[in-house]
Amino acid sequence: MILSPSLLSSDFARLGDELAALEAAGIKWAHLDVMDGAFVPNITFGPPVIKAMRKGCSLFFDTHLMIERPERYIQDFTDAGSDLICVHAEATVHLERTCALIAKAGKKAAVALNPATPADAVKYLLPQLDMVLVMSVNPGFGGQSFIPFSLDKIRELKGMIAACGSRALIQVDGGVTLENCAEIVAAGADVLVSGSAFFNHPPYGERHKTFLAACGR
Numbered sequence: 481m482i483l484s485p486s487l488l489s490s491d492f493a494r495l496g497d498e499l500a501a502l503e504a505a506g507i508k509w510a511h512l513d514v515m516d517g518a519f520v521p522n523i524t525f526g527p528p529v530i531k532a533m534r535k536g537c538s539l540f541f542d543t544h545l546m547i548e549r550p551e552r553y554i555q556d557f558t559d560a561g562s563d564l565i566c567v568h569a570e571a572t573v574h575l576e577r578t579c580a581l582i583a584k585a586g587k588k589a590a591v592a593l594n595p596a597t598p599a600d601a602v603k604y605l606l607p608q609l610d611m612v613l614v615m616s617v618n619p620g621f622g623g624q625s626f627i628p629f630s631l632d633k634i635r636e637l638k639g640m641i642a643a644c645g646s647r648a649l650i651q652v653d654g655g656v657t658l659e660n661c662a663e664i665v666a667a668g669a670d671v672l673v674s675g676s677a678f679f680n681h682p683p684y685g686e687r688h689k690t691f692l693a694a695c696g697r
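Here the sequence shown is numbered in our numbering, starting from 481 and rising by one per residue.
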């Protein structure tokens, strides 16, 4: 299991220090929530901030684009230093083309599914995807509660991935806590995104170990 703390819940005034603290805690991934105020009702940051964070930081930048027409900005996020670029199935008309653009840029390609979007939306793309993100809350804000039917979607995706021989990981974002993380992993999740349930409980090294233990790792 990979834990990818969401920087949306970090101290934005100390981003450099927060990233260094994550590395010191043994964290390998950082989840970067990019919001445009159109696809979701919130605005966060974009390529210039990611480029600044990239300097001197070796974390895997797991970049989640909650923006309309993300195909317009694939090169910008590539140049900024993203390692994986995740776009929403609901945000782009030509989803396969957008995923191909990400792969052509040399980055790992992922697709996010909103709670009401069925797993079948990525069925034919699974062989070319590196990850599928199951949104277990409606995107836009942190601190929301996990939507229970997300577990069924995770199980369904796990079966679809196995059936086609894909190596795509399943990531889950939204309401992930110590209390439900074991159930989420048991359903088939490989990567867990945690915001307030992680950053609100320093020191990060201890919180990382606690999450791993709660998932039986």
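By construction, the Cβ of each residue, glycine as well, lies at the ideal position given by its N, Cα and C atoms.
Since we're looking at a predicted model, the values are computed, not measured.
Checklist entry - DSSP on His-544, reduced to helix/strand/coil? => result Of the three classes helix, strand and coil, the one that applies to His-544 here is strand, per DSSP.
Item to check | Limits of the beta strand (DSSP E) - the one that Val-529 falls within | outcome: Premise fails: Val-529 lies in the alpha helix (DSSP H), 527-534, not in any beta strand (DSSP E).
Checklist entry - Unbroken alpha helix (DSSP H) runs of length 4 or more, entirely within the stretch 495-531: which are they? => result Counting whole runs of 4 or more residues, the stretch 495-531 contains the alpha helix (DSSP H) stretches 495-504.
Checklist entry - Does the stretch 536-550 come close enough to the stretch 634-646 that 3 or more CB-CB pairs lie under 8 angstroms? => result no
Item to check | Val-485, buried or exposed, once every other Cβ within 10 Å from all chains shown has been counted against 16 | outcome: At residue 485 the sequence reads Pro, which differs from the Val that was named. Pro-485 comes out buried.
Item to check | For Pro-683 and His-574, the rounded distance between their alpha carbons | outcome: His-574 and Pro-683: Cα-Cα distance of roughly 43 angstroms.
Next on the checklist: Suppose contacts are defined by Cβ-Cβ distances below 8 angstroms. Is Asp-632 in contact with Leu-649 by that definition?
Outcome noted: no
Checklist entry - Residue range of the beta strand (DSSP E) that Ser-676 falls in? => result Taken as a continuous stretch (DSSP letters only), Ser-676 belongs to no beta strand (DSSP E), being part of the alpha helix (DSSP H) at 676-679.
Item to check | Three-state secondary structure (DSSP) of His-568 | outcome: Here His-568 sits in strand by DSSP.
Item to check | Chain-order list of residues whose beta-carbon lies under 8 angstroms from that of Glu-503 (same chain, five-residue window excluded) | outcome: Cys-537, Ser-538, Leu-539
Checklist entry - Between which two residues does the alpha helix (DSSP H) carrying Leu-665 extend? => result As written in the sequence, residue 665 is Val, which differs from the Leu given in the question. 661-667 is the extent of the alpha helix (DSSP H) around Val-665.
Next on the checklist: On the DSSP bridge list, what partners appear for Met-615?
Outcome noted: Asp-653
Checklist entry - For the alpha helix (DSSP H) that Leu-483 lies in, which residues bound it at each end? => result It is not in any alpha helix (DSSP H) - Leu-483 instead sits in the beta strand (DSSP E) that spans 482-485.
Checklist entry - Out of Gln-624, Ala-585, Lys-535, Gln-651, which has the shortest C-alpha to C-alpha gap to Asp-556? => result Here the closest residue by C-alpha is Ala-585.
Checklist entry - If you draw a straight line from the C-alpha of Leu-487 to the C-alpha of Phe-519, how long is it? => result 19 angstroms
Checklist entry - Taking the alpha-carbon positions, what's the Ile-705 to Asp-563 distance? => result Nothing can be reported for residue 705, as the shown portion of the chain is limited to 481 through 697.
Checklist entry - Whose C-beta lies closer than 6 angstroms to the C-beta of His-681 among residues of the same chain, with five residues either side of it excluded? => result Counting only residues of its own chain and dropping the five nearest sequence neighbours on each side, His-681 has a CB closer than 6 angstroms to the CB of Arg-687.
Checklist entry - Under a three-way DSSP split, which group does Leu-573 fall into? => result Checking the sequence, you will find Val at residue 573 rather than Leu. The answer is coil: DSSP assigns Val-573 none of H, G, I, E or B.
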